[in-house]
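2 protein chains.
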Amino acid sequence: MPQQQLLHFLQSTGSISPAQAEEIAPHFHFTTLQPQEFLLRAGQISHDYLLLTAGLVRAFAHDTDGRDITTGFFGQGQVALEVSSFFSRQPSQENMQALTACAGWRLPHSQMNALFHTRNEFREFGRAVLVRGFAALKARMLSTITQPAAVRYEQLVRTRPEVVQHAPLKHIASYLGITNSSLSRIRKGPGH
Amino acid sequence: MPQQQLLHFLQSTGSISPAQAEEIAPHFHFTTLQPQEFLLRAGQISHDYLLLTAGLVRAFAHDTDGRDITTGFFGQGQVALEVSSFFSRQPSQENMQALTACAGWRLPHSQMNALFHTRNEFREFGRAVLVRGFAALKARMLSTITQPAAVRYEQLVRTRPEVVQHAPLKHIASYLGITNSSLSRIRKGPGH
DNA sequence: AGGATTACTTGCCAAATGGCAAGCAGTCTG
DNA sequence: CAGACTGCTTGCCATTTGGCAAGTAATCCT
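Residue numbers (the working numbering), protein chains in the order written: chain A, 1 to 192; chain B, 1001 to 1192.
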């Protein structure tokens, strides 16, 4: 019963009451994604906010040498969104693609704006989700700068097992900022 | 005449008209900071939004080994703020300290909330500034993961000369994620 | 002024990571 | 089924970066 997850998500920041969540939830609509299906392609504008209730999504960009770099993984309970494109209405620099079959709740940008205008508490909620993502990215940045790749990989295994379980190693490697071969050696264990 | 800078800042996202900017500006008040003065200490809650019109501010955290890591530099025209603490009303993980004498426009959290409630366009503006910061952090993350330290340093010199001019090299080094000695060698030039 | 402290540099060597190419297993495709 | 891919591993060696310690210069403090 994935609607449960939507209600839970809406209440997760503390600014929306159970009764209000019941009123807001119907504006979202349920969607599924096939494996390999794109939510967003570079150059396009993101039109939908998407809360995942199942599956795994990967965001990736191309660096100056054209290499495919994974910029994020989004799993159950997370918002799979390219923030900058969605809110600034500008073409995305990134792609977002389902790695596995996915399901979730979608809210078009226009509807979100309408809700922002009419519902105080939903505005608060929207900002809180944004701030949460910001803090998570800062934490990841700090870890990238201060910790060796082996430690970052262990943290990923501990805190995001779904990613390690379902994403190909090459995507995990570029997410961690290392090469396929280095990740392979890290996984093999200490010493070698 | 630093009020000019405040008006310009308020109009920078396109959601606030010149006339509206004139009405909103008086809610900010002008402040200065001595060199070394702290805007925020780890463990405290951030109470003020601050737009800098002059000077340089450094944000820093301590990693798991207790090392002082610079997480950001804020200069003229930028918002010196620990987003997570300010918006979520939680104790900050980071410190913010003036590196040089600073001046800027301050808006207490309570006033910002009041403005958010009463002024539609100011809400839009607030979100746009947040989104802008988010995008900048993502770009920095991508660069950290894909480019060697020497290139990241050159970019910093090119895009943020004030930082290189006023911040001690050890702070720049930790910001780039390298040691003092590595930065010293990078600065000396290629080859050696 | 004298003595401490701080910022930066440099030399020496070790550790972390990358680049490249080969090999191997699984999968997809016609 | 055969051939082509794709994902992953591994060996060999180069490059990048770190750790440590010494040295120098500048600044601070009283």
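No residue lacks a Cβ here, since even glycine has one placed at the ideal position from N, Cα and C.
Quick caveat, the model's predicted, so the values are computed rather than measured.
inquiry  = Checking 9 Å against the spacing of the C-beta atoms, do E1094 (chain B) and S1085 (chain B) come in under that value?
reply    = yes
request  = List the residues of chain B that F87 (chain A) touches, going by C-beta distances under 8 Å, in chain order.
outcome  = R1127, A1128, V1131
task = Look at the alpha carbon of K1170 (chain B) and the alpha carbon of V1083 (chain B), and state the distance between them as a whole number of angstroms.
result = 25 Å
key: Contacting residues, own chain, Cβ-Cβ under 8 Å from H62 (chain A) (five flanking each side not counted)   = A42, D68, I69
Closer than 9 Å to chain A by CB, A1147 (chain B) = The residue asked about is misnamed: residue 1147 (chain B) is Gln in this sequence, not Ala. For Q1147 (chain B), the answer is yes, since a Cβ of chain A falls inside 9 Å of its Cβ.
ask   = Taking C-beta to C-beta, are P1108 (chain B) and Y1049 (chain B) nearer than 9 Å?
value = yes
Neighbouring residues, chain B, relative to D48 (chain A) (Cβ below 9 Å) = Simply none; closest approach about 16 Å.
message = As an exercise, report each continuous beta strand (DSSP E) stretch of at least 3 residues that is fully enclosed by the stretch 25-86 of chain A, in chain order.
response = 29-33, 38-40, 48-54, 57-62, 68-74
inquiry  = Counting only C-beta atoms, is S1084 (chain B) closer than 9 Å to chain A at any point?
reply    = yes
query = Skipping 5 residues on each side, what residues in its chain have a beta carbon closer than 6 Å to that of G207 (chain A)?
reply = No statement about residue 207 (chain A) is possible, as the shown extent of chain A runs from 1 to 192 and does not include it.
message = Does chain A have any CB closer than 9 Å to the CB of R1123 (chain B)?
response = yes
query = Does any residue of chain B bring its CB to less than 9 Å from the CB of R140 (chain A)?
reply = yes
ask   = How many Å lie between T179 (chain A) and A1114 (chain B) at the Cα?
value = 49 Å
request  = Sort out for me which residues DSSP pairs N113 (chain A) with in a bridge.
outcome  = None; N113 (chain A) has no bridge partner.
inquiry  = Do R1058 (chain B) and L1099 (chain B) have their beta-carbon atoms positioned less than 9 Å apart in this structure?
reply    = yes
request  = With 7 Å as the C-beta to C-beta threshold (strictly closer), list the residues of the stretch 61-76 of chain A near chain B in chain order.
outcome  = A61, D63, I69, T71
query = Closer than 9 Å, CB to CB, is H29 (chain A) near chain B or not?
reply = no
task = Can you say whether G1104 (chain B) is buried or exposed, counting buried as having 16 or more other CB atoms within 10 angstroms of its CB?
result = buried
ask   = Between which two residues does the beta strand (DSSP E) containing G104 (chain A) stretch?
value = 102-108
request  = Return the Cβ separation of H29 (chain A) and R106 (chain A) in integer angstroms, given the expectation that the two are a contact with Cβ distance under 8 Å.
outcome  = 6 Å
ask   = Between the Cα of S1159 (chain B) and the Cα atoms of B:A1136, B:D1065, B:A1025, which residue gives the shortest distance?
value = Rather than Ser, the amino acid found at residue 1159 (chain B) in this sequence is Thr. That would be B:A1136, whose Cα lies nearest to the Cα of T1159 (chain B).
key: Reduced DSSP secondary structure (H/G/I, E/B, other) of Q4 (chain A)   = helix
query = I think A1128 (chain B) touches T1013 (chain B), with their Cβ atoms under 8 Å apart; what is that distance to the nearest whole Å?
reply = 4 Å
task = Using DSSP bridges, identify the partner residues of A1098 (chain B).
result = B:V1057
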